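**Student:** Residue numbers (my numbering): 1 to 385. Next up is a structure, given as C-alpha cells.
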Amino acid sequence: MIRIYSKLFVVFLFLISGSLEAQIFVTPANVGSKSSDAAGFYYALPRNAVRIDVIIEKNERFKGPYSEFSSKILGIEDFVKQDETVYSIIDVILSDITEPDPNAWFFVEFDERGSKDARSLVFDLQSNGIILSADDSQQTRTKGQNSIEKTFVNAPAENRFHYFAERNLYQRIDTIVRKITIDTTVIRRNILQSAWVDRNPEQKARAAADFIHKIRDNRFNLITGFQEVNYGQSIIYMDQKLQNLEEEYLSLFLGKEVRSIIEQTVYYYPDKESKGIQNIAKFSETAGLLENSAKGENFQLVFEPLLITSILNEDNKNVGKSRLSNSLYYRIPDAADVSVMYKGKILGKERLSFSQLGVLSITPVSKTRVVFDPNTGFITTVKRE
1 MIRIYSKLFV
11 VFLFLISGSL
21 EAQIFVTPAN
31 VGSKSSDAAG
41 FYYALPRNAV
51 RIDVIIEKNE
61 RFKGPYSEFS
71 SKILGIEDFV
81 KQDETVYSII
91 DVILSDITEP
101 DPNAWFFVEF
111 DERGSKDARS
121 LVFDLQSNGI
131 ILSADDSQQT
141 RTKGQNSIEK
151 TFVNAPAENR
161 FHYFAERNLY
171 QRIDTIVRKI
181 TIDTTVIRRN
191 ILQSAWVDRN
201 PEQKARAAAD
211 FIHKIRDNRF
221 NLITGFQEVN
231 YGQSIIYMDQ
241 KLQNLEEEYL
251 SLFLGKEVRS
261 IIEQTVYYYP
271 DKESKGIQNI
281 AKFSETAGLL
291 ENSAKGENFQ
301 LVFEPLLITS
311 ILNEDNKNVG
321 KSRLSNSLYY
331 RIPDAADVSV
341 MYKGKILGKE
351 RLSFSQLGVL
361 SITPVSKTRV
371 VFDPNTGFIT
381 TVKRE
C-alpha cells in the first residue's frame, strides 16, 4: 500500500512540475479550438512569391505634318509614313518577395499558471506578423529582402513638332487692269489689289524646306569663318544650336521617333502543385504587357521545383494539425529554378527559395533560444540552456 501511494505521489509531482513549466500553447488558426477569452497573440510563417520586373522599350513614331512632300521637295524616301507605337522587351529581372502566408497563422496562448521565470519568454515579430525569434532578449528586426538597383533613362517630355505653328496667311497682290473708253480713246489703268489668303500645305512645306537650306548656309558660313570673327569656344555652342534647329525642321518632313523605358511588374505565387510552364501574362508589340486574359503572345514562367525537402515529408506529414505545448511551428524551405520565357526564348533565370514549398516542422522553445529567417521561416540560430 505504501508503495502504491509513493508511485501516485511521484506521478502527482510530475504533473505539477509539468504544469509549472508549461509556458505557451500554440494552435493552428484554422483549427478553431481557440477559446474566445484566451490571452495570447497570432504569428505567421512567411511565403514567397516570384517578382518579375519586365523592362520594356516603348518606341513611338509620329508622322511629320509635311511627310507627303518629303519625296517631292527634299527627295527623301525614308520617313515615317504613319503614327505607330511599338513595344519590345529589353530585359527581365527575377527576384522574390516575402509576405505572411494566409494559410500559416498560429495562435500563441500564454499559460498563466507557470512561474514568473517561466513566463519570461520574449517573442519578436515583424510588423506584418512574421515571427523572428523566441528568446529572452529582443532581436534586431531585419527584413533581409533582396535589393535590386535599376537605372532607367527616359526620353524627356517634349512637344512633337516645335516649328509647325507658323503663319498660315501670306500677302497676295493682284494687278487689276481697268479699261476706260472715252469716245475713241481707251485708257488702261493698273490697280494693285492686296489680300491675305491661306497658304496651302505645299506652300508651307516649301517655306520650311527653304529655311532648312538657309540654316545650312548659315552653318557653313559659321564654321568657315565667313564673318571673320573669333568666337572662341562659343562657336561650338552656336553650331550645336543650328544643328538642333535643322533637325527640328527636318522632323516636319521625316517625322519623329521617341524612345522611352517603362517597367511593369508581374507576381507569381507558386504552391506545391506548381510545375512546368505557366502562362502568367500576355505581351503585345502594340499594347505592351497585358493581363493573362487579353490577346497577345504568351508571357510564360517555367517553374522547376528542386524537391530538396522531399525526404522530410514522411516525418512531418501530420505536423500543423494539433495543439503544441512549449513549441513553435516553423518551416523548412524548398527551392526551385525559375525562368521567364517569351516566344520560346529564355529571358531570365534564377534559383529562388520558397517557404511554402517546403515542410512544416516543430521546434521547442522552453529554455531554448530560437531565431528564424524572416524570408524563409527556417531556423538560423538555436541555443539550448
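Glycine included, each C-beta is placed from N, C-alpha and C at the ideal position. Everything numeric in this text was worked out from a predicted model, so none of it was measured.
1) Nearest by alpha-carbon distance to E112: which of E257, T286, F25 is it?
2) Tell whether a beta-carbon distance below 8 Å holds between Q278 and F303.
3) Work out the CA separation of I55 and D91 for me, nearest whole Å.
4) In the DSSP assignment, what residue or residues form a beta bridge with F123?
5) Taking C-alpha atoms, which residue in V365, I362, E297 lies nearest to F343?
6) For my contact list, V365 and K349 are in at a C-beta cut-off of 8 Å; report their separation, rounded to the angstrom.
7) Taking the beta carbon of P102 as the centre, do at least 16 other beta carbons fall within 10 Å, making it buried, or is it exposed?
8) Considering only their Cβ atoms, is the gap separating Y43 from L125 smaller than 8 Å?
9) Measure from the alpha carbon of G288 to the alpha carbon of each residue in V86, K317, R51, then state which is nearest.
10) Three or more C-beta pairs closer than 8 Å, one from the region 228-247 and one from the region 257-274: is that the case here?
11) Whole-angstrom Cβ separation of P46 and T98, contact assumed at under 8 Å?
12) Could you tell me which residues DSSP pairs with P333 in its beta bridges?
13) Given this structure, state the Cα-to-Cα distance separating F211 from E84, to the nearest angstrom.
14) Go to Q23, then tell me how far its beta strand (DSSP E) extends in each direction, as first and last residue.
15) Ignoring anything shorter than 4 residues or poking outside the region 191-227, list the alpha helix (DSSP H) runs there in chain order.
16) Between L328 and A39, is the Cβ-Cβ spacing less than 8 Å?
17) Taking the straight line between their C-alpha atoms, what separation do you get for A29 and S361?
18) Can you tell which of G225, V80, Y267, A104 has its C-alpha closest to the C-alpha of L357?
19) Quick check on the DSSP output: the alpha helix (DSSP H) that includes I466 runs from which residue to which?
20) Look at F69 and A205 and say whether their C-beta atoms are less than 8 Å apart.
21) Alpha helix (DSSP H) containing Q389: first to last residue?
22) What is the DSSP secondary structure of M1, reduced to helix, strand or coil?
23) Less than 8 Å between the C-beta atoms of V359 and I379, yes or no?
24) Could you tell me the boundaries of the beta strand (DSSP E) in which P65 lies?
25) Figure out for me which residue from M341, F41, A208, R369 has the closest Cα to the Cα of I130.
26) For the beta strand (DSSP E) holding R351, just list the boundary residues, first then last.
27) Rounded to whole angstroms, what is the Cα-Cα separation between A294 and Y267?
28) Provide the residue span of the beta strand (DSSP E) that contains T389, from first to last.
29) Is it true that the CB of G255 sits closer than 8 Å to the CB of S67?
**Tutor:** Well, looking at it:
1) Residue numbering aside, residue 112 sits at position 112 when the sequence shown is read from its first letter. That would be F25, whose Cα lies nearest to the Cα of E112.
2) In the sequence shown, residue 278 corresponds to position 278, counting from 1. In the sequence shown, residue 303 corresponds to position 303, counting from 1. Contact flag set, yes.
3) On the sequence shown, residue 91 is found 91 positions in, with the first residue counted as 1. On the sequence shown, residue 55 is found 55 positions in, with the first residue counted as 1. Going by the C-alpha atoms only, they are around 5 Å apart.
4) If you number the sequence shown from 1, residue 123 lands on position 123. For F123, which the question treats as bridged, DSSP gives the partners A134.
5) Within the sequence shown, the letter at position 343 stands for residue 343. Per the sequence shown, residue 343 should be read as Lys rather than Phe. Minimum Cα distance to K343 is reached at E297.
6) Here residue 365 corresponds to residue number 365 of the sequence shown, with the count starting at 1. Here residue 349 corresponds to residue number 349 of the sequence shown, with the count starting at 1. Actually they do not touch by this definition, with Cβ atoms about 39 Å apart.
7) Taking the first residue of the sequence shown as position 1, residue 102 is located at position 102. Exposed, because fewer than 16 other Cβ atoms sit within 10 Å of the Cβ of P102.
8) Counted from its first residue, the sequence shown places residue 125 at position 125. Counted from its first residue, the sequence shown places residue 43 at position 43. Contact flag set, yes.
9) Along the sequence shown, read from residue 1 onward, the residue named residue 288 stands at position 288. Of the listed residues, the one whose Cα sits closest to G288 is V86.
10) no
11) Indexing the sequence shown from 1 puts residue 46 at position 46. Indexing the sequence shown from 1 puts residue 98 at position 98. Yes, they are in contact, since the Cβ atoms of P46 and T98 sit about 5 Å apart, within 8 Å.
12) Position 333 of the sequence shown, counted from the start, is the residue given in the question as residue 333. The partner list for P333 (beta bridge, DSSP) is empty, contrary to what the question assumes.
13) For the purposes of this step, residue 211 is identified with residue 211 of the sequence shown, where counting begins at 1. For the purposes of this step, residue 84 is identified with residue 84 of the sequence shown, where counting begins at 1. One C-alpha to the other measures close to 28 Å.
14) Here residue 23 corresponds to residue number 23 of the sequence shown, with the count starting at 1. Unbroken run through Q23: none, as it is neither H nor E.
15) 201-223
16) Within the sequence shown, numbered from 1, the residue matching residue 328 stands at position 328. Within the sequence shown, numbered from 1, the residue matching residue 39 stands at position 39. Against a cut-off of 8 Å, the Cβ pair of A39 and L328 comes out as no contact.
17) Taking the sequence shown and counting its residues from 1, the one referred to as residue 29 is at position 29. Taking the sequence shown and counting its residues from 1, the one referred to as residue 361 is at position 361. Each residue's alpha carbon lies about 16 Å from the other.
18) Counting from 1 along the sequence shown, the entry for residue 357 is found at position 357. Minimum Cα distance to L357 is reached at A104.
19) Absent from the structure is residue 466, since the part of the chain shown begins at 1 and ends at 385.
20) Working through the sequence shown from its first residue, we reach residue 69 at position 69. Working through the sequence shown from its first residue, we reach residue 205 at position 205. Result yes, Cβ atoms of F69 and A205 sit closer than 8 Å.
21) Absent from the model: residue 389. The displayed extent of the chain is 1 to 385, so no value can be given.
22) Position 1 of the sequence shown, counted from the first residue, corresponds to residue 1. Low confidence applies to M1: its pLDDT is 47, below 50, so where it sits in the model is not reliable enough to give any reading.
23) Start at 1 with the first residue of the sequence shown, and residue 359 comes out as number 359. Start at 1 with the first residue of the sequence shown, and residue 379 comes out as number 379. No.
24) Start at 1 with the first residue of the sequence shown, and residue 65 comes out as number 65. Unbroken run through P65: none, as it is neither H nor E.
25) Here residue 130 corresponds to residue number 130 of the sequence shown, with the count starting at 1. The option with the nearest alpha carbon to I130 is F41.
26) Here the question's residue 351 lines up with position 351 in the sequence shown. 345-364 is the extent of the beta strand (DSSP E) around R351.
27) In the sequence shown, the residue the question calls residue 294 occupies position 294. In the sequence shown, the residue the question calls residue 267 occupies position 267. C-alpha separation (whole angstroms): 17 Å.
28) With the chain represented from 1 up to 385, any question about residue 389 goes unanswered, as that position is not in the structure.
29) Residue mapping note: residue 67 aligns to position 67 of the sequence shown, counting from 1. Residue mapping note: residue 255 aligns to position 255 of the sequence shown, counting from 1. Cβ atoms of S67 and G255: closer than 8 Å.
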